[in-house]
Amino acid sequence: MTPSEWILLLSTFLACAVEAVEALTVILAVGATRGWRAPLLASAAASVALILIVAAFGPQLSRLPIDALRIVVGGVLLIFGLGWLRKAILRASGWKALRDEAALYAAEIEHARERAKSADFKMDWYGFTLAFKAVFLEGLEVAFIVLTFGTSAHSIPLATVGAVLAIVLVGIAGAIVHRPLSRVPENTMKFAVGLMLSSFGIFWSVEGAGAQWPGADLSILGIIAFLTLGSLALVAILRRTYERQTAARVLSKAE
Amino acid sequence: MKMNYIKVFCLFWYDFIVGDDWVIAAGVIIALFGISRLIRVGINAWWLMPGAVVILLAISLWRLTHKSIRRRPTSRPTARRKQPSVTPP
Chain A
1 MTPSEWILLL STFLACAVEA VEALTVILAV GATRGWRAPL LASAAASVAL ILIVAAFGPQ
61 LSRLPIDALR IVVGGVLLIF GLGWLRKAIL RASGWKALRD EAALYAAEIE HARERAKSAD
121 FKMDWYGFTL AFKAVFLEGL EVAFIVLTFG TSAHSIPLAT VGAVLAIVLV GIAGAIVHRP
181 LSRVPENTMK FAVGLMLSSF GIFWSVEGAG AQWPGADLSI LGIIAFLTLG SLALVAILRR
241 TYERQTAARV LSKAE
Chain B
1001 MKMNYIKVFC LFWYDFIVGD DWVIAAGVII ALFGISRLIR VGINAWWLMP GAVVILLAIS
1061 LWRLTHKSIR RRPTSRPTAR RKQPSVTPP
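Protein chains in written order, with the numbering used here: chain A, 1 to 255; chain B, 1001 to 1089.
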């Protein structure tokens, strides 16, 4: 291979790995909190949809309105993420009861066994939609990267190899880290999921609206840090309010 | 009968996307509109959304907790609130 072909392979690999990690984060977040069936089925469905779209449009794919898609997917992801974050903040600050995780785990196992037996197994459409949107959007971006890098370097097959390598390696990494993730306490996990969904939602929707993030994809780390600090501050404020409320109730009962 | 299906369909999507607090959904849409307007006049307004999100979160939490205080001042505020069917547990 010539040096320019190596550069094409490496740059496609890195760019696609970034997109694959973004999709994987959402899949792991949904899987660890709501079960793996829906996100895995969603990933498969999104991959089939992407293959069909790529086969139908081919090189014309770059004419699809990706920014409009980013606004819609990012906006909805942000609204979903803030819903998770709000509930996690309420639990962490005491306003909403923390759940008995051991009892819930046992109940969940029993429930899963029951569901496996019953014929009318219900799909978790919430988890499915979250994972589908993330995989579909990121997959479309991977297709754009392959087309733009491949066309400009006159080698779409080599760009495709770089993309496939990135997706396979990120997928293997995801399979390795999914087990340790399920041992994280439930509310901590939900807090993290809320932060991740909201951060990616902010990133994609703002990018779709036409703004340029300083530091491009790296700015996601800054968004996560900012949102974490903001959420922890809200937890601290709400905890203080809750304690004040509880003290006032105790006093009024004593009187 | 047909109206009923349409209503159920619309309610499902409202509950699915907007959830139990419309303020966040409305705020996100307004912020996105604001960003696109600022970009049109040449301001790279990436900073608007992170700030707006923290403010929206604070407003939503304030609304939820104060609603609970007003509703049941002598017991645990949100312990018995009905959970929406498709929002996260």
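Every residue, glycine too, gets a C-beta built ideally from N, C-alpha and C.
**Asked** Taking 7 Å as the CB-CB limit, is Gly1019 of chain B close to chain D?
**Response** Absent from the structure: chain D. Protein chains present are A and B.
**Item:** Straight-line gap, Ile1024 of chain B to Leu169 of chain A (C-alpha atoms, nearest Å)
**Value:** Taken atom to atom, the span from the alpha-carbon of Ile1024 of chain B to that of Leu169 of chain A is near 37 Å.
**Prompt:** Mind pulling the chain B residues with CB within less than 7 Å of Ala209 of chain A?
**Reply:** Leu1032, Ile1035, Ser1036, Ile1039
**Message:** Suppose contacts are defined by Cβ-Cβ distances below 7 Å. Is Gly274 of chain A in contact with Thr12 of chain A by that definition?
**Reply:** Residue 274 of chain A lies beyond the stretch modelled for chain A, which goes from 1 to 255, so this question has no answer here.
**Prompt:** Excluding five sequence neighbours on each side, which residues of the same chain lie with their C-beta closer than 7 Å to the C-beta of Phe136 of chain A?
**Reply:** The beta carbon of Phe136 of chain A sits closer than 7 Å to those of Ala46, Ala49, Leu50, all from its chain and outside the five residues before and after it, given in chain order.
**Message:** Using CA atoms only, rank isn't needed, just tell me which of A:Arg239, A:Gly83, A:Ser198 is closest to Phe1016 of chain B.
**Reply:** A:Gly83
**Within 7 Å, strictly: CB atoms of Ile220 of chain A and Ser199 of chain A** = yes
**Request:** Would you decide whether Arg86 of chain A is buried or exposed? Buried here means 16 or more other CB atoms lie within 10 Å of its CB.
**Result:** buried
**Item:** C-beta contact flag for Val30 of chain A and Gly139 of chain A at 7 Å
**Value:** no
**Message:** Counting only Cβ pairs nearer than 9 Å, list the residues of chain B close to Ile66 of chain A.
**Reply:** Within 9 Å Cβ-Cβ: nothing; Ile66 of chain A doesn't reach chain B, min ~15 Å.
**Gly139 of chain A in three-state terms, based on DSSP** = helix
**Prompt:** Of all Cβ atoms in chain B, is any one closer than 7 Å to the Cβ of Gln212 of chain A?
**Reply:** yes
**Message:** According to DSSP, is Pro65 of chain A part of a helix, a strand, or is it coil?
**Reply:** coil
**Asked** So, helix, strand or coil for Trp36 of chain A, using DSSP?
**Response** coil
**Request:** Just confirm the distance between the C-beta atoms of Leu227 of chain A and Val1028 of chain B, as a whole number of angstroms; I'd bet it's less than 8 Å.
**Result:** Not a contact, Cβ separation roughly 14 Å.
**Request:** Measuring alpha carbon to alpha carbon, tell me which of A:Ile224, A:Leu229, A:Gly210, A:Ser231 ends up nearest Gly1042 of chain B.
**Result:** Nearest to Gly1042 of chain B by C-alpha distance, out of A:Ile224, A:Leu229, A:Gly210, A:Ser231, is A:Gly210.
**Prompt:** Considering only C-alpha positions, which residue in the set B:Ile1055, B:Asn1004, B:His1066 is nearest to Ala233 of chain A?
**Reply:** Checking every option, the nearest Cα to that of Ala233 of chain A belongs to B:Ile1055.
**Message:** 7 Å is my cut-off, CB to CB: does Ala1026 of chain B come that close to chain A?
**Reply:** At a cut-off of 7 Å between beta carbons, Ala1026 of chain B makes no contact with chain A.
**Item:** Among A:Gly222, A:Ala56, A:Leu251, A:Glu255, nearest to Ala143 of chain A - alpha-carbon criterion
**Value:** A:Ala56
**Message:** Need the endpoints of the alpha helix (DSSP H) that Ala1045 of chain B sits in, please.
**Reply:** Unbroken run through Ala1045 of chain B: none, as it is neither H nor E.
**Message:** On the criterion of 16 or more Cβ atoms from any shown chain inside 10 Å, does Val250 of chain A qualify as buried, or is it exposed?
**Reply:** Val250 of chain A counts as exposed, since fewer than 16 other beta carbons sit within 10 angstroms of its beta carbon.
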